[in-house]
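Numbering (our numbering), first residue to last: 6 to 180.
Note that beta-carbon positions come from the ideal geometry of N, C-alpha and C, so glycine has one too.
Worksheet: the structure to be examined is printed underneath.
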Amino acid sequence: MLADALAEVARGDSRALERVYRLTSAKLFGVCLRILPDRQHAEEALQETYISIWRRAGAFDAARGTAMTWLMTIARNCAIDRHRVLARSPQLPSAVRLDVADPDADLFAATLVEDERRQLHACLDQLDELDRRFIAASFFEGSTYSEVAGRAAMPLPTVKSRIRRALLKLRGCLS
């Protein structure tokens with residue numbers, strides 16, 4: 006069904022793109038959010054994802070994998086590209102950014118997000134350095150477990166086990 010819709014998108018059918026969006030947007034947004042925790046940046050990456058899908062739908066090859074895997078790869082790549090751009094752009098310290106008036110700002114929500122961020126960092130600090138690097142690479146930078154294992158020159162099952170144990174420790178700390 007999804008592969009058929011992609012074939013229609015490749016022929017320029019905008020309604021097919023709407024169907025693809027309805028079927029996949031929640032999952033692809035989750036991929037973007039995993040790499041870009043800021044919702045606005047994740048939404049922008051998702052938009053770039055669907056623009057890319059519109060342009061490249063003809064490149065989908067069902068013999069090489071499922072449609073969802075292909076779409077998730079596009080979303081992951083768009084989110085990583087946006088992450089890299091954001092990492093290169095100068096950022097104002099958060100104290101300075103808070104001084105800028107924003108009539109739509111929800112101070113309570115911003116405070117909750119900042120508290121959650123602090124708690125996450127405190128919990129991450131409780132992990133050993135290698136586990137913390139594995140978590141950062143996998144969940145904040147969007148690296149695959151295989152990429153993390155390759156950079157660490159460690160067997161993939163070992164890296165997966167360490168990440169799983171670290172995630173369990175984080176869950177316990179955050180709850």
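In this structure, C128 sits away from A80, with a CB-CB distance that is not shorter than 8 Å. In this structure, the straight-line span from the alpha carbon of A142 to that of A84 is close to 14 Å. Using a Cβ distance threshold of 8 Å, V25 and A10 count as a contacting pair. L41 carries a coil assignment under DSSP once its states are collapsed to helix, strand and coil. Residue E49 holds the alpha-carbon nearest to the alpha-carbon of R87 among E49, Q124, S57. Remark: C-beta atoms of V14 and W59 approach each other more closely than 8 Å.
A distance of 8 Å or more separates the beta carbons of F144 and R167. At the C-beta level, L132 and K165 stay beyond 8 Å of one another. Distance check between R16 and each of I40, R137, R61, A31 places R61 closest, using alpha-carbon atoms only. The straight-line gap separating the alpha-carbon atoms of W75 and M6 is approximately 14 Å. For D136, the number of other beta carbons within 10 angstroms of its own is at least 16, and it is reported as buried.
DSSP places Q52 in the helix class (H, G or I) of the three-state scheme.
Annotation: A67 to S19 spans about 21 Å, alpha carbon to alpha carbon. For M159, there is no enclosing alpha helix (DSSP H), as DSSP marks it with neither H nor E. No Cβ-Cβ contact shorter than 8 Å links I40 with G155. If you look at A10, you'll find it in the alpha helix (DSSP H) that goes 7-15.
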